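Chains A and B, in that order, give the protein sequences. Sequential numbering of the first sequence, starting at 1, is according to the UniProt record's numbering. Sequential numbering of the second sequence, starting at 1, is according to the UniProt record's numbering. The beta-carbon is built from N, C-alpha and C at its ideal position, and this holds for glycine as well. Being a predicted model, the structure only gives us computed values, none of them experimental. Following: one structure in structure tokens, then a few remarks.
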Amino acid sequence: MVSTTPIEPMDSPPPGPAGAVTGALAARSAATGRAGDKVFLALSRGSGIFLLVLMASIAVFLTYRAAMALTENEGNFLTTFDWNPAGNPPVFGIAVLLFGTVVSSVIAMAIAVPVAVGIALFISHYAPRKLAGPIAYVVDLLAAVPSIIYGIWGALFLVPYLEGLNLWLDHFFSWTYIFEKTQVGVARSLFTVGILLAIMILPIVTSVSREVFLQVPKAHEEAALALGATRWEVIRMSVLPFGRSGVISASMLGLGRALGETMAVATVLSPSFLISGHLLNPGGGTFAQNIAAKFDEANELGRDALIASGLVLFVLTLLVNGGARMIIARRKEYSGANA
Amino acid sequence: MKLQRKNGLRATALGALAVTGALVLTACGSDDNTSGSSGGSGKATAASNISCEGAKGKLLASGSSAQKNAMDLWVKNYMAACSGVEINYKSSSSGEGIVAFNQGTVGFAGSDSALKPEEVAESKKICKSGQGINLPMVGGPIAIGYNLSGVEDLTLDAPTIAKIFNNKITKWNDPAIAKLNEGKSLPDKAIQAFHRSEDSGTTQNLGKYLGATAKAEWPYEAEKKWPAPGGQAASGSSGVAAQVKQVDGAIGYFELSYATSQSIPTVSIDTGAAAPVKATSENASKAIAAAKVKGTGKDLALELDYATKAEGAYPIVLVTYEVVCSTGNKSDTLSTVKSFLTYTASEEGQKVLSDAGYAPIPAEINAKVRETVAGLN
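Written out as structure tokens, the structure reads:
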């Protein structure tokens, strides 16, 4: 399954492969005229259209409510460092949220992807059979833990224990600016959120990467071995290039989860409407966390404003997925479908 | 092999039985405890004092989560006394409760701030020939909890609290704090001030207190949103309490019940009275007693005197109201609303509050509430 079509991030409809399959089916059913084919064609076409209609109606709803909020907003929606739709005059902006969402996701990716690729390579190429199964199983289990549990674990365990790491980073790497800790306080920062998100997206990136690495044609690997390559050289010359598009797809799936993660972030982060490059300082915010935190007490305008911020997250996810698809499309020659 | 498996199954079944049994028993146990300590008194007096006259069917209400625990106890006692009546209080937020009230979907709303003029204007559409009024029903002290090993009975005053939450005082051994706590050894430790991350009536009430008593240090409007820059945030009263409990050098604010249930030490307030005032339900009631009714007619919205110097009056208090129509309540819920609010404003009803970490409304104001409730139509 993984090898034949690149994994689709949930939020974007799959136009390419689905369309191709439908077309092929249509051709065949026309040729043979079997009833089953017709039913299946109708079903698959119907679900495709249903998905598009659903997405479009969500977009219309979000845009309509967002527009209502934006007409009332007295601040600049893109650059205001405040969220006060209940104020007089109402002022709110997404600058801090956009920054926080992107930064925490980038940290998560920077940590999770190398680790996940390492685990996947270990499971697929290094570990003895007896060990590979259980490790894969344990990593997959991480995906089944609800995000609020990650949040509680993060707040009660991770945050206190990360203080040491933060002090160490501050002591040796404060010259990097981002690791300079200028404010006292426990580690309820974007950096901590990034680490937590990395743990949360690890299973999906690992399991997809592992599947892709297992699909590398044996002939490629054996050919490399026959030329006298070591195991690392085999991995570098045949496994990694072959699996690259798969790993990118896997990373995008993980990124999708990191961008939209709500409860875990809301529990661990100490939100504030300030943009700071000092990642170890408490503060910042993400779209999803802000929506969860503000929704309860929000008035009518406040809810519309939150929906407007949700629309920005929607667009951001769309851009990320689109970008990923472009990268994958460029590297089609390596994808499993052609092997 | 087969036999073993059977044994295993039997063992599992036994284990499952034991676990279920234990769960059932503990469930019963805890249930009994709560009704024994607080509900019990309601039950005992139910026959004589809760009047179910005219109450019938289902009553929907919605609003402030600050009075949720009080409402839960009241509803439980009331429904135990009046069979056939169902009261459903949805604790969401004051804003949501008022919106629901003005749409006519609830019998009454709970709110931790009095109706704004525009909300009163809107309520006239629902209340025929009348308008929405505020009935003070639940008082509550907002405790300032702290975590500082080796320091007990910390005393602070309003300007110092404002400076701490405003990041003007950043060390525990700051001269301003030392002056209020003579004879105690304060550590050279950074203060970590925690506030609520979401909009909250508790934040607004603390803001009102600081704005009224330390205007120079606290120049912000009293809003539900945390106004000051800096500091750290946590979600909900429970979240702030958990952080204060966990972090050495922390200080934060939450309803008193969170401090008592988690044994977090609370700050005594130097109000200018002879002795610093501890955060307790009785002391909060004394401060509410100093309040004036600012509402006109049947409206009993209170104006709290945050700057009170009365002996033993704890000034950081929150009062939550029940919002009803002065006249023109919906006929199918009117009698139930009257009957239920008569109970909550009664002596028994108010007595329940101290057990739950709230403060009863002082007798003088409470008498007016009862009078108003009796006259609702």
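Grouping DSSP H, G and I as helix and E and B as strand, with all else coil, what is residue 108 (chain B)?
strand
For residue 270 (chain A), I'd like the list of residues in its chain whose CB is within less than 7 Å of its CB, leaving aside the five on either flank, ordered along the chain.
Excluding sequence positions up to five before and after residue 270 (chain A), its CB lies within less than 7 Å of the CB of 188, 282, 283, all in the same chain and listed in chain order.
Going along the chain, which residues of the segment 243-256 of chain B sit with their C-beta nearer than 9 Å to a C-beta in chain A?
243, 246, 247, 249, 250
For a test of the three-state rule: what should DSSP assign to residue 66 (chain B), helix, strand or coil?
coil
Give every residue of the same chain whose Cβ lies closer than 7 Å to the Cβ of residue 289 (chain A), excluding the five residues on either side of it in the sequence, and list them in chain order.
In its chain, beyond the 5 residues on either side, 262, 265, 266, 269, 271 have a beta carbon closer than 7 Å to the beta carbon of residue 289 (chain A).
Touching or not, the segment 295-303 of chain B and the segment 119-133 of chain B, by the rule of three or more beta carbon pairs under 8 Å?
yes
So for residue 192 (chain B), helix, strand or coil by DSSP?
strand
Please list, in chain order, the residues of the segment 139-157 of chain A that have any C-beta partner in chain B closer than 9 Å.
Sequence-ordered contacts of the segment 139-157 of chain A with chain B read 155, 156 [C-beta pairs closer than 9 Å].
Can you give me the C-alpha to C-alpha distance between residue 197 (chain A) and residue 318 (chain A), rounded to a whole angstrom?
20 Å
DSSP three-state call for residue 183 (chain A): helix, strand or coil?
Of the three classes helix, strand and coil, the one that applies to residue 183 (chain A) here is coil, per DSSP.
Going by the DSSP bridge assignment, what does residue 90 (chain B) pair with across the sheet?
B:62
Measuring only between beta-carbons, confirm whether residue 192 (chain B) sits less than 8 Å from chain A.
yes
Just checking, does the segment 241-253 of chain A make contact with the segment 210-228 of chain A on the three C-beta pairs under 8 Å criterion?
yes
Comparing C-alpha positions only, which one of B:237, B:288, B:347 sits nearest to residue 198 (chain B)?
B:237
Given the structure, does residue 246 (chain B) come close to the ligand PLP, in the sense that its CB is under 7 Å from one of the ligand's heavy atoms?
Ligands in the displayed structure: none, and consequently the ligand PLP is not present.
State the Cα-Cα distance for the pair residue 13 (chain A) and residue 186 (chain A), rounded to the nearest angstrom.
In this prediction, residue 13 (chain A) has a pLDDT of 47, which is less than 50 and means its spatial position is unreliable; what the coordinates show is noted afterwards. When rounded, the distance between both Cα atoms is 41 Å.
At least one CB of chain B closer than 8 Å to the CB of residue 166 (chain A): is that the case?
Residue 166 (chain A) has a beta carbon lying at 8 Å or more from every beta carbon in chain B.
Quick check: is the beta carbon of residue 35 (chain B) nearer than 8 Å to any beta carbon in chain A?
Caution applies to residue 35 (chain B), whose pLDDT of 36 falls short of 50 and renders its modelled position unreliable; the model cannot decide the point.
Determine, for residue 293 (chain A), whether the minimum Cβ-Cβ distance to residues of chain B falls below 8 Å.
yes
Which residues, in chain order, does the segment 100-128 of chain A contribute to contact with chain B at a C-beta distance below 8 Å?
From the segment 100-128 of chain A, no residue has a Cβ closer than 8 Å to chain B.
Check the Cβ of residue 299 (chain A) against every Cβ in chain B and list those closer than 7 Å, keeping chain order.
95
What is the DSSP secondary structure of residue 233 (chain B), reduced to helix, strand or coil?
Residue 233 (chain B): strand per DSSP, three-state reduction.
Mapping DSSP to helix, strand and coil, what is residue 328 (chain B)?
Coil.
Hey, which unbroken runs of the alpha helix (DSSP H) at 4 residues or more fall wholly within the segment 89-173 of chain A?
Counting only runs of 4 or more residues that sit fully inside the segment 89-173 of chain A, the alpha helix (DSSP H) segments are 95-121, 129-142, 147-153, 159-173, in chain order.
For the segment 84-95 of chain A, which residues have a CB atom closer than 8 Å to at least one CB atom of chain B, in sequence order?
Those residues of the segment 84-95 of chain A that come within reach of chain B (Cβ to Cβ, closer than 8 Å) are 84, 86, 87.
Under 8 Å Cβ-Cβ, which residues of chain B neighbour residue 187 (chain A)?
None at all; the shortest Cβ gap to chain B is about 10 Å.
Hey, how far is the Cα of residue 55 (chain A) from the Cα of residue 184 (chain A)?
44 Å
Can you find a C-beta in chain B that's less than 8 Å from the C-beta of residue 29 (chain A)?
Because the pLDDT at residue 29 (chain A) is just 49, under 50, the model does not fix this residue reliably, and the value given afterwards should be weighed accordingly. Answer no: the Cβ-Cβ gap between residue 29 (chain A) and chain B never drops below 8 Å.
Let me know if residue 227 (chain B) comes out buried or exposed under the rule of 16 or more other beta-carbons within 10 Å of its beta-carbon.
Buried, by the Cβ-count rule.
Can you find a C-beta in chain A that's less than 8 Å from the C-beta of residue 90 (chain B)?
No - not a single Cβ of chain A is within 8 Å of the one on residue 90 (chain B).
Buried or exposed: where does residue 28 (chain B) fall if 16 or more other Cβ atoms within 10 Å of its Cβ makes it buried?
Residue confidence is low: residue 28 (chain B) scores 44 on pLDDT, short of 50, so the model does not pin down where it sits. Its coordinate-derived value is still stated next. It counts as exposed.
For residue 153 (chain B), does the count of other Cβ atoms within 10 angstroms reach 16, so buried, or fall short, so exposed?
exposed
Using the beta-carbon count (16 or more within 10 Å), is residue 76 (chain A) buried or exposed?
exposed
Rounded to the nearest angstrom, how far is the Cβ of residue 293 (chain B) from that of residue 304 (chain B), given a contact under 8 Å?
The beta carbons of residue 293 (chain B) and residue 304 (chain B) sit about 11 Å from each other, so the pair does not count as a contact at 8 Å.
I'd like to know if the segment 105-115 of chain B and the segment 174-192 of chain B are in contact, where contact means that at least 3 CB-CB pairs between them fall below 8 Å.
No: fewer than three Cβ pairs fall under 8 Å.
Any idea if residue 342 (chain B) is buried or exposed, counting beta-carbon neighbours within 10 angstroms, 16 or more meaning buried?
buried
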